[in-house]
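At position 19 of the sequence shown the residue is numbered 36 (this note's numbering), and the sequence of numbers has no breaks. Built from N, CA and C at the ideal position, the CB exists for glycine as well.
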Amino acid sequence: MQSICPKCGQPTEQGLCLQCTQDATKLFQCPDQVEIVLCSICGARQIKGKWQIPDERSIEELSSQAAVNSLWFHKDFAKPDIGLNLKKVGATRYLAEIEITGNFEGQEIAEHCEIPVRIKL
18 MQSICPKCGQ PTEQGLCLQC TQDATKLFQC PDQVEIVLCS ICGARQIKGK
68 WQIPDERSIE ELSSQAAVNS LWFHKDFAKP DIGLNLKKVG ATRYLAEIEI
118 TGNFEGQEIA EHCEIPVRIK L
């Protein structure tokens, strides 16, 4: 039995139509900023609130990983694929441009966001 979307009036199988469901559902969230704390003396890094011994990863790798790890996805947003382009915009600042694709209720979704990454010494 087909019904009508109460929001836009389009035909739908149940409740809201796919477009209104997508508009009303937050599929992913990007933070306003990501901060990486580095010890200027020993090079240790604070990741997720815990200090870690320095390793061979570069600041760019840490910035990229921190930006990707900061993303939140809706539980029904299937197979998220994340593309990342990291740009240096200052001595201790980067901009992570993120392209996200995935499936939500059988439809392919493509979105993007930008996350400023700050290195704090």
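Could you say which of the options lies nearest to residue i if we only look at CA atoms?
i    : options                  : result
N120 : G107, K137, Q39 and Y111 : Q39
S80  : I132, Q19, K24 and D98   : I132
F94  : I70, I126 and E114       : I126
Q46  : K96, A84, I53 and Q36    : A84
K51  : I64, I99 and T42         : Correcting the residue identity first, residue 51 is Val in this sequence and not Lys. V51 has its Cα closest to that of I64, out of I64, I99 and T42.
G100 : Q19, I117, H91 and Q36   : I117
Along the chain, where does the alpha helix (DSSP H) containing residue i start, and where does it finish?
i   : result
E78 : I76 to N86
D40 : L35 to A41
For residue i and residue j, what's the separation of their Cα atoms in angstroms?
i    : j    : result
G26  : G123 : 21 Å
R74  : P23  : 52 Å
R139 : I21  : This structure does not reach residue 139, given that the chain is present from 18 up to 138, and the question cannot be answered.
C34  : P28  : 7 Å
K43  : G66  : 26 Å
Within the continuous beta strand (DSSP E) that includes residue i, where are the two ends?
i    : result
E128 : Q124 to K137
L44  : From DSSP, L44 is part of no beta strand (DSSP E); its letter is neither H nor E.
T109 : No beta strand (DSSP E) holds T109; DSSP gives it neither H nor E.
I64  : R62 to I64
K67  : K67 to Q69
What are the residues that DSSP puts in a beta bridge with residue i?
i   : result
G26 : None; G26 has no bridge partner.
Q31 : Answer by DSSP bridge pairing: none, since Q31 is not bridged.
Does any residue of chain D bring its CB to less than 8 Å from the CB of residue i?
i    : result
I115 : Among the protein chains of the structure shown there is no chain D, as only one such chain exists.
Tell me, to the nearest whole angstrom, how far the beta carbon of residue i is from that of residue j; I am working on the premise that it is less than 8 Å.
i    : j   : result
K105 : V54 : K105 to V54, Cβ: 18 Å. No contact.
Flag residue i as yes when its Cβ comes closer than 7 Å to any non-hydrogen atom of the ligand GDP, and as no otherwise.
i    : result
E131 : Ligands are entirely absent from the displayed structure, and the ligand GDP is therefore not among its contents.
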